[in-house]
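So the structure is just underneath, and the comments pick up after that.
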Ligand SMILES: Nc1ncnc2c1ncn2[C@@H]1O[C@H](COP(=O)(O)OP(=O)(O)O)[C@@H](O)[C@H]1O
Ligand SMILES: Nc1ncnc2c1ncn2[C@@H]1O[C@H](COP(=O)(O)OP(=O)(O)O)[C@@H](O)[C@H]1O
Ligand SMILES: [Mg+2]
Ligand SMILES: [Mg+2]
Ligand SMILES: [Mg+2]
Ligand SMILES: [Mg+2]
């Protein structure tokens, strides 16, 4: 598989260099580690640090910015960042108000962020943690689920809360609440390839798809033949609804996230069905985003995320946010 | 090849429905034709209409918005929009100040926009046209070149000029000037698949790449074995420079555009080399954008675009712009 | 007759698509089929009183529905020839020659291509000439159309030896040699379907 | 000795990666090799005065360089056992048993896994027990390490019959059965390289 890289070992460093070279007005590298920070974080706010493996771009590197993360700690391809990296990023963004860690619930990330938070304590920096657990098929228990594209929404709330000047405990409470209200399901259509590897990340027959596949190619719940978009989308929605249990009149934010090679054209076709489905159930879609925020290299497939919203969450969801890959402007009024 | 669609004939209509369902606060469909318009265009400005075939998302549907296009006319997959469609979109956005058409220089688009502009004349709407001709390998003569990712920059200038309240003649002059200063080159790594088709759009051996390939799979200038990112990027830059002839101290805006399945991670690695190359030549990079704005379904590859800037172009380049897929905020000051 | 043309175009969808895909983007078959479906539906519902209306509706529907280069080109081919033509109740050789004479000019003006540029003009212009010649010789409609079909066919063959000046094959240069032009093939197919229809309905 | 461990880990990169890819994400080999390169470089440049320092530096370098689950886990395995240990100039069975006894506790505390969860604990804990037993029996260092290697090996075999409770194989459920755990394999490899080194350097 062709990848535009120089050598496997240099991928992350060169990627960071390329990112900073593009956006140096707004971002800078954290010296000595694989981390970046946003240059214009407003003073006196709680710092938000996100992180995880490389290979899911634009997450995580592309999600720092106004009303979003202040710093990003990166690991190697699909590997959690080291405690060192997280610590250095933490030190760079701390303004004495403490730092909130947000990351997907994977063993490696948990271990490394936990060590980092102990190291931060030694440096007298308060940290709190919210693990994103949105992938409904990955475990029965909410806390055991893994984190996928819903990350983006949780970060949105966290960034909004921090930008509003709330203290660490409140930012954490709201972020955890966002995650409690978060439900996603994915489907894999074709494997991606990890850079430097010659084999695809998993095998899937040409005419089959897999429901509930994870963003590192983790196995899902079942396979079926490829289906028309509407049928496929409906099945995913039913599976999601089993866990999310959306009620009539409930309000949600929706994210249709592409996994890499699935086109925006296809994602729009999926979104069309999602909106019909919500409408039929009187579920109120407050906002929709169709994009590829959390990818798995060139993997084919997509996920659907619902975040239930109440007035409190809406308030922070609506705080303007901007990075080169995620923007939320002031909400336009509908006619 | 798996595509998340229902039926080939419905793709464009369902895609538009899905887009509008997501972003109905800001966009609406033009009745009866495959077109959309931005809802909040400021009054009394020149209208900007872009268009082309579907299948290159986020262009063209995702490039209407504040400081960008006011309306988008869409054709079927990789086919120019009909004169009818263009006309209806034109009528929807005209505010009595005339309308500028911007599209890539392809036979089908030229023919259909020309007919549309004659029809618009009958309806008493002034139109002007700028064809984007940035792909340096596609023809010797500037006016005969085809349009690829540089579209985004030309539109940026046009949108900025129109948002600044300039009259049609001025908006056209500036837009044409942007195009005169625009140079791109692409490379194909692997074919995409057109939805509904079972065969890839072209054939390319597993270890080969093609320089100068077009965004519909049009043949390029030569093939070579796959190379490390830096080497490949340098060769493309040398090829581009032959035509662009960038001088020391000249200022440029740079766009690294992915064609579909090439990851942002890889594009950053390319950008790293591009910036080094510019630095070595004392070419001043005013601004860089790394994204996949103009895709060819799930095709692998990328293009590099330079737009030479002078003070006049910079002024309109810096006008804020926002759509769900392209944003340019006020330029942050570098430290 | 036009319904039969529509049918034949729809049947040729894959063949035309394949020809376009060799040196173009492979959508010519789908485009022409879309146009054919549109004008077939319209012709079936609308009652066209005369020859002019049939040509005009056919062209307009193609222009409206197809998009792409061929939407305008074939739309103009059908509707561009009857613009200045007095209303005709029946189609004879003179009328047909006049229509295609005008339409060839209209297409050339619109698309700026001439014979030798590897476009449908390479089939359309000789076919139109053949009609004019047949009219001059007082040939019947069937024979004239057969002449046009043959001339178009030679035009298609001729395109194989040409580099493209227009359309997506333009950048191919020499590599387009050996492949016939898709649009020219459609022109031939249209005259062929006319002839076959007349054969069946004589 | 640690340099030899590093070498063996680097040589086993593909093997460990392959094992991880069956039920994990395939990066365990690359991760361990990165760690091994880092601690090898550090041990070569730094002069470590005592046993404690060697273990500590090895663990710290792994933790710093690797990332992923195993960076913390193996980092803790090496550096977590010498925290409370008085400085030792030479390595004997008692010291090694004490180090791995502490480090097993440290890893369990850090990772919250126990025997039976299909992690490296399934190899580490029995290996550590074997060392303790050997120390009780007054065995020499070589024999003790050989016992630990054998115990770790059995632990690796044991993981084949387990469903995973941690790491990326967690969601696989029964489908993880039949595959050995990658991290457990690394533990065995580490004891094996210690023994082989001693064999060569006796
Ligand atoms: N300028 C032109 N004049 C006449 N015919 C043209 C011109 N450009 C393209 N064509 C015809 O259109 C055909 C291609 O049509 P089609 O594939 O439907 O459109 P597109 O090129 O937009 O994909 C070509 O084979 C050629 O015969
Ligand atoms: N909580 C844990 N406790 C002990 N060992 C663990 C734990 N989580 C993972 N491991 C070990 O780490 C190994 C995986 O390491 P590696 O592949 O490098 O990391 P990752 O899972 O981040 O890809 C597993 O085989 C397992 O032995
Ligand atoms: Mg990993
Ligand atoms: Mg086309
Ligand atoms: Mg075509
Ligand atoms: Mg792993």
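Residue numbers (my numbering), protein chains in the order written: chain A, 598 to 932; chain B, 598 to 932; chain C, 690 to 891; chain D, 690 to 891. Note that beta-carbon positions come from the ideal geometry of N, C-alpha and C, so glycine has one too.
The way I'd put it, the stretch 776 to 794 of chain B does touch the stretch 806 to 814 of chain B; three or more beta-carbon pairs between them come closer than 8 Å. Using a Cβ-Cβ distance cut-off of 8 Å, the stretch 748 to 762 of chain C and the stretch 700 to 708 of chain B are in contact, since at least three pairs of beta carbons, one from each stretch, lie closer than that value. Under DSSP, residue 819 of chain A takes part in a beta bridge, and its partners are A/808. In the DSSP assignment, residue 671 of chain B falls within the beta strand (DSSP E) that extends over 668 to 674. Ranking B/734, B/673, B/748, B/916 by CA distance to the CA of residue 646 of chain B puts B/748 first.
For residue 700 of chain D, the uninterrupted alpha helix (DSSP H) segment begins and ends at 691 to 700. Within chain B, the residues placing a beta-carbon under 9 Å from that of residue 752 of chain C are 679, 680, 681, 709, 712, ordered along the chain. Scanning chain C for C-beta atoms nearer than 7 Å to the C-beta of residue 675 of chain B yields 714, 716, reported in chain order. Around the Cβ of residue 779 of chain C, a 10 Å sphere holds fewer than 16 other Cβ atoms; the residue is exposed. In this chain, residue 808 of chain D is not harboured by any alpha helix (DSSP H), its DSSP state being neither H nor E.
Its chain contains 880, 883, 884, 887 as the residues whose beta carbon lies nearer than 7 Å to that of residue 834 of chain C, once the 5 sequence neighbours on both sides are disregarded; these appear in chain order.
In the structure shown, residue 838 of chain D adopts helical secondary structure according to DSSP, grouped into three states. Linking residue 871 of chain A to residue 843 of chain A through their CA atoms gives a straight-line distance of about 13 Å.
The beta-carbon of residue 860 of chain C is placed less than 8 Å from the nearest beta-carbon of chain B.
Residue 872 of chain D and residue 809 of chain D have their C-alpha atoms spaced approximately 5 Å apart.
For residue 684 of chain A, the uninterrupted alpha helix (DSSP H) segment begins and ends at 680 to 690.
Residue pairing from DSSP places residue 893 of chain A in a beta bridge opposite A/895.
The criterion of a C-beta distance shorter than 8 Å is satisfied by residue 701 of chain C and residue 718 of chain C.
Between the stretch 911 to 923 of chain A and the stretch 652 to 659 of chain A, the count of Cβ pairs shorter than 8 Å is three or higher; the stretches touch.
Shortest Cα-Cα distance from residue 668 of chain B to any of B/724, B/819, B/644 involves B/644.
Measuring C-alpha to C-alpha distances from residue 806 of chain B to each of B/797, B/794, B/820 identifies B/820 as the nearest. Interface residue (Cβ-Cβ distance to chain A less than 8 Å): residue 809 of chain B is not classified as such. Within chain D, no residue has its CB atom less than 7 Å from the CB of residue 661 of chain A, the nearest being about 19 Å off. Rounded to whole angstroms, residue 727 of chain A and residue 723 of chain B show a C-alpha spacing of 56 Å. Taking 8 Å as the cut-off, the beta carbon of residue 765 of chain D is found closer than this to the beta carbon of residue 792 of chain D. One finds nothing in chain B with a Cβ atom closer than 7 Å to the Cβ of residue 763 of chain C; even the nearest lies about 11 Å away. Those residues that have a beta carbon less than 5 Å away from any non-hydrogen atom of ligand 6 are, in order along the chain, D/709, D/713, D/714, D/716, D/717.
For residue 751 of chain A, the closest alpha carbon among the candidates A/740, A/766, A/778 is that of A/778.
Per the C-alpha coordinates, the member of C/831, C/692, C/829 positioned closest to residue 730 of chain C is C/692. In this structure residue 855 of chain A touches residue 899 of chain A by the C-beta definition: roughly 5 Å separates them, less than 8 Å. Counting only runs of 3+ residues, the beta strand (DSSP E) found wholly inside the stretch 746 to 793 of chain B occupies 779 to 787, in chain order. As the crow flies, the alpha-carbon of residue 775 of chain B is around 26 Å from that of residue 623 of chain A.
Judged by DSSP in its simplified three-state form, residue 856 of chain A adopts coil rather than helix or strand.
For residue 884 of chain D, the nearest beta carbon of chain A is not closer than 8 Å to its own beta carbon. Cβ proximity to chain B below 7 Å picks out 799, 800 from the stretch 792 to 826 of chain C. With a cutoff of 8 Å on beta-carbon distance, residue 758 of chain B and residue 639 of chain B are scored as not near each other.
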